[in-house]
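Taking the working numbering, the leading residue of the sequence shown gets 449, the next gets one more, and so forth.
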Amino acid sequence: MAKTGPKDSSKKKITNAVLNFSILALLLVCGYLVFSIVSKSVSSKNKKPVEITDTTNKITNQPNLTMQLDVRNGTGEDGVAKLFTDFLREKGFDVVEMGNFNTEDQEKSLILDRKGNKQNCKKIATALGISDKNVIQQINKELLIDATVVIGKDYKELTPFLKKKTN
């Protein structure tokens, strides 16, 4: 058998020391992970379950936000849809879209009921000063909105325009 020289012996000692240090470091990491898991499971047993309460009315204080609607300008005049959108948002309605109607010569302003809830649409009509007879059911399940406000050429007689005029 060949004898190992002093160089081989010192290399083995260094290698053993590095390996022992690595093992010790891994044991410390594993110990920390076990401690972490155990302490979290113990602390989670002591916690009371969180109660979930309905705070929508408390936070927003805007009951009309449950109705989503879009505003369409049927007058052909610039800025009318924005005026009505701003007014409705001030009143607490959730206007999710605004744009032009498919025609620019709409005589009377309308509320199109898209979900079959005429009472909600009458709230919109009342806020705008539109007659209840101009609330029309046009149910469309593909649309994700509750109502469409179509602004007609009579917009100068409606509440948002009259309010703007007095300010």
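Every residue gets a Cβ at the ideal spot worked out from N, C-alpha and C, and that includes glycine.
If you reduce the DSSP assignment to three classes, tell me which class Arg537 lands in. Here residue 537 is taken as the residue at index 89 of the sequence shown, counted from 1. Three-state result, Arg537: helix.
Out of Asp542, Glu538 and Val528, state which residue places its alpha-carbon closest to the alpha-carbon of Leu592. Walking along the sequence shown from the start, residue 592 turns up at place 144. Ranking Asp542, Glu538 and Val528 by Cα distance to Leu592 puts Asp542 first.
Inter-residue spacing [alpha-carbon to alpha-carbon] between Asp553 and Ser579: As a working note, residue 553 is residue 105 in the sequence shown. As a working note, residue 579 is residue 131 in the sequence shown. Each residue's Cα considered, the two are about 19 Å apart.
Is the segment 546–562 close to the segment 583–601, with three or more CB pairs under 8 Å? yes
Measure the alpha-carbon distance for Gln586 versus Ser491 and round it to whole angstroms. Locating residue 586 in the sequence shown gives position 138, counting from the first residue. Locating residue 491 in the sequence shown gives position 43, counting from the first residue. Going by the C-alpha atoms only, they are around 56 Å apart.
Are the CB atoms of Cys569 and Ala595 within a distance shorter than 9 Å? Looking up residue 595 in the sequence shown gives position 147. Looking up residue 569 in the sequence shown gives position 121. Contact: yes.
What is the rounded straight-line gap between the Cα of Thr508 and the Cα of Ser470? Counting from one through the sequence shown, the residue named residue 508 turns up at place 60. Counting from one through the sequence shown, the residue named residue 470 turns up at place 22. Caution applies to Thr508, whose pLDDT of 49 falls short of 50 and renders its modelled position unreliable; the model cannot decide the point.
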